[in-house]
Amino acid sequence: MDYEALTEVGAMMGSGGLLVMDESDCMVEIARYFLSFTCDQSCGKCTFCRIGTRHMLTILEKLVAGEGEPGDLEKLEALALKTKGGSLCGLGKTAPNPVLSTLKYFRHEYEAHLRGRCPSKKCAALIKYEITDDCIGCTLCAQKCPVDAIPIQPYEKHEIIQDKCTKCDACFQVCPVNAVSVG
Numbered sequence: 000m001d002y003e004a005l006t007e008v009g010a011m012m013g014s015g016g017l018l019v020m021d022e023s024d025c026m027v028e029i030a031r032y033f034l035s036f037t038c039d040q041s042c043g044k045c046t047f048c049r050i051g052t053r054h055m056l057t058i059l060e061k062l063v064a065g066e067g068e069p070g071d072l073e074k075l076e077a078l079a080l081k082t083k084g085g086s087l088c089g090l091g092k093t094a095p096n097p098v099l100s101t102l103k104y105f106r107h108e109y110e111a112h113l114r115g116r117c118p119s120k121k122c123a124a125l126i127k128y129e130i131t132d133d134c135i136g137c138t139l140c141a142q143k144c145p146v147d148a149i150p151i152q153p154y155e156k157h158e159i160i161q162d163k164c165t166k167c168d169a170c171f172q173v174c175p176v177n178a179v180s181v182g
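So the sequence shown is numbered by numbering that gives the first Met the number 0: it starts at 0 and just counts up by one.
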């Protein structure tokens, strides 16, 4: 891996770190995470970096919360391009890169978020835990639930009280018969 090879494919070498992700990662959340970092690091002198990254972050936060609106992707892309082109420093010029590359290669994930669904099931606001008919009533899920969202009912099919569920994934992790579905 060298500078020339990376620039040929439109990538860049930043701090020397390398991120490896797979299909279980939410690209919208990844873009939100990196943009939140650059917003915190912005010195604030440059309008494009200071305001552009904040507006992009707001749109990404809406998307991961299931509150995205039609036209958000177009606004996000336009803001990213303007921020990249109008920023004065390296931070501002590269801050939109995660947004632009995820929009380019994973637009379908953004579109799914607009429809209220997170394909990787990472965005808590867009998922729901349920117990299927495969439940054997062992109570392991109820015992591990940190917020008592699953009443303990031995030998009966369990149910998750959705208003209490924090989507911590504990029930999913301990179920011995895979009776907890995430959708």
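Cβ atoms here follow ideal geometry from the backbone N, Cα and C, with glycine treated the same way. Bear in mind that the values here come from a model prediction, so they are computed numbers and not experimental data.
Own chain, CB closer than 7 Å to residue i, minus 5 neighbours either side, in chain order
i, result
"residue 52", "34, 37, 38, 41, 82 and 94"
"residue 92", "83 and 86"
"residue 173", "139, 140 and 143"
"residue 79", "55, 95, 98 and 99"
"residue 179", "128, 130, 140, 170 and 171"
"residue 155", "136"
Beta-carbon proximity list for residue i, same chain, < 8 Å, skipping 5 on both sides
i, result
"residue 126", "117, 120, 166, 181 and 182"
"residue 163", "146, 147 and 148"
Pick from the options that is closest to residue i, judged by C-alpha positions
i, options, result
"residue 76", "99, 147, 50 and 66", "99"
"residue 72", "50, 101, 148 and 89", "101"
N-terminal and C-terminal residue of the beta strand (DSSP E) that residue i is part of
i, result
"residue 130", "128-130"
"residue 180", "179-181"
Spatial distance of residue i from residue j (CA atoms)
i, j, result
"residue 131", "residue 142", "18 Å"
"residue 30", "residue 58", "11 Å"
"residue 138", "residue 168", "15 Å"
"residue 48", "residue 103", "21 Å"
"residue 21", "residue 70", "28 Å"
"residue 152", "residue 129", "16 Å"
"residue 133", "residue 149", "16 Å"
"residue 146", "residue 170", "11 Å"
"residue 90", "residue 124", "30 Å"
"residue 122", "residue 7", "33 Å"
Proximal residues to residue i (C-beta, below 6 Å), its chain only, five neighbours per side dropped
i, result
"residue 18", "none"
"residue 198", "Because the chain spans 0 through 182 in this model, residue 198 falls outside it and cannot be assessed."
"residue 135", "176"
Opening and closing residue of the alpha helix (DSSP H) in which residue i lies
i, result
"residue 27", "26-40"
"residue 100", "96-104"
"residue 165", "Run containing residue 165: none; DSSP gives neither H nor E here."
"residue 142", "139-143"
"residue 71", "71-85"
"residue 55", "52-63"
Could you say if the segment 16-35 and the segment 104-116 meet the contact criterion of at least three C-beta pairs nearer than 8 Å? yes
With a cut-off of 8 Å, do at least 3 Cβ pairs link the segment 61-76 to the segment 152-171? no
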